[in-house]
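Contents: one structure, followed by commentary.
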Amino acid sequence: QSTRSKLKSEFVADPESPKCYEVSHHRSTPCDGGTHPCPLQQVVQTKGAVSVIHDHGHDNVEYFVKLTAKPLLNEQGEVYAVVESANNVTDMIKAQNVLKVQAKMLEFKASHDVLTSLPNREVFEDRLEQGMVRAGRLSSMLCVVFIDVDKFKSINDKLGHQAGDEVLIEVSKRLRGGLRASDTVARLGGDEFTLLLEALH
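The sequence shown begins at 18 in this note's numbering and counts up by one.
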């Protein structure tokens, strides 16, 4: 009786006739749509086991539930009952999301300069090779520009490395702002930058 009263007050509208989405999903409406597919409907349609993950978070609180539903078939192969289980997989989903973010960060760091977020030497050389192939195919020209910052060592020595970093960041912004979307600006290291300008005639 106490459990039934708790369900009534928190989740279940009618304890005498509770709904699956009220008891196991803590929802007031049936599951449907792309974000909350109903595992019971899928089992009836496919006659096979189904697993789905629902996002039941609210008020900035993350809460993910994995629902597994398995059919019970009669001699004619028809579904006469469905067994469903619900497991809290919030910690697993959080860990997966953290790993995805870390993987993206590592991928970005492997191909970009950390300070300016510009493509690094490896990416620049790859784009140069591709650009040369395109230029040959389209009978166009490309231009490679090497740039360094005058008196950069003096800036570092007199004003410090933080000031030098700020100069490099500002240079990268100005270079990007002056190029087309199809062009490339990269940082090779130190105060050395390269530009790849394509589709020139």
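Virtual Cβ for every residue (Gly too), placed ideally from N, Cα, C.
{"Asked": "Could you give the DSSP three-state label for residue 211: helix, strand or coil?", "Found": "strand"}
{"Asked": "Give the list of continuous alpha helix (DSSP H) stretches no shorter than 4 residues that lie fully inside the stretch 173-218.", "Found": "178-194"}
{"Asked": "Find the nearest neighbour of residue 101 within the set 57, 191, 128, judged by alpha-carbon distance.", "Found": "57"}
{"Asked": "Output the boundary residues of the beta strand (DSSP E) element that contains residue 52.", "Found": "Unbroken run through residue 52: none, as it is neither H nor E."}
{"Asked": "Looking only at its chain, what residues have a beta carbon closer than 7 Å to the beta carbon of residue 135, apart from the 5 residues adjacent to it on each side?", "Found": "129, 189, 202, 203, 204"}
{"Asked": "Compute the distance between the beta-carbons of residue 69 and residue 103, then report whether it is under 8 Å.", "Found": "no"}
{"Asked": "Should the stretch 152-172 be regarded as contacting the stretch 205-217, the criterion being three or more beta carbon pairs within less than 8 Å?", "Found": "yes"}
{"Asked": "In chain order, what residues of the same chain have a beta carbon less than 7 Å from the beta carbon of residue 148, not counting five sequence neighbours either side?", "Found": "159, 213, 215"}
{"Asked": "Out of 121, 39, 207, 74, point me to the one whose CA is closest to residue 224's CA.", "Found": "Nothing can be reported for residue 224, as the shown portion of the chain is limited to 18 through 218."}
{"Asked": "Identify whether residue 128 lies in helix, strand or coil by the three-state DSSP scheme.", "Found": "helix"}
{"Asked": "Which one or two residues does DSSP pair with residue 169 in a beta bridge?", "Found": "Answer by DSSP bridge pairing: none, since residue 169 is not bridged."}
{"Asked": "To the nearest angstrom, report how far apart residue 91 and residue 126 are at their CA atoms.", "Found": "57 Å"}
{"Asked": "Given this structure, state the Cα-to-Cα distance separating residue 199 from residue 137, to the nearest angstrom.", "Found": "17 Å"}
{"Asked": "Would you call the CB atoms of residue 60 and residue 86 closer than 8 Å?", "Found": "yes"}
{"Asked": "On the DSSP letters alone, give me the boundaries of the beta strand (DSSP E) that residue 72 sits inside.", "Found": "67-72"}
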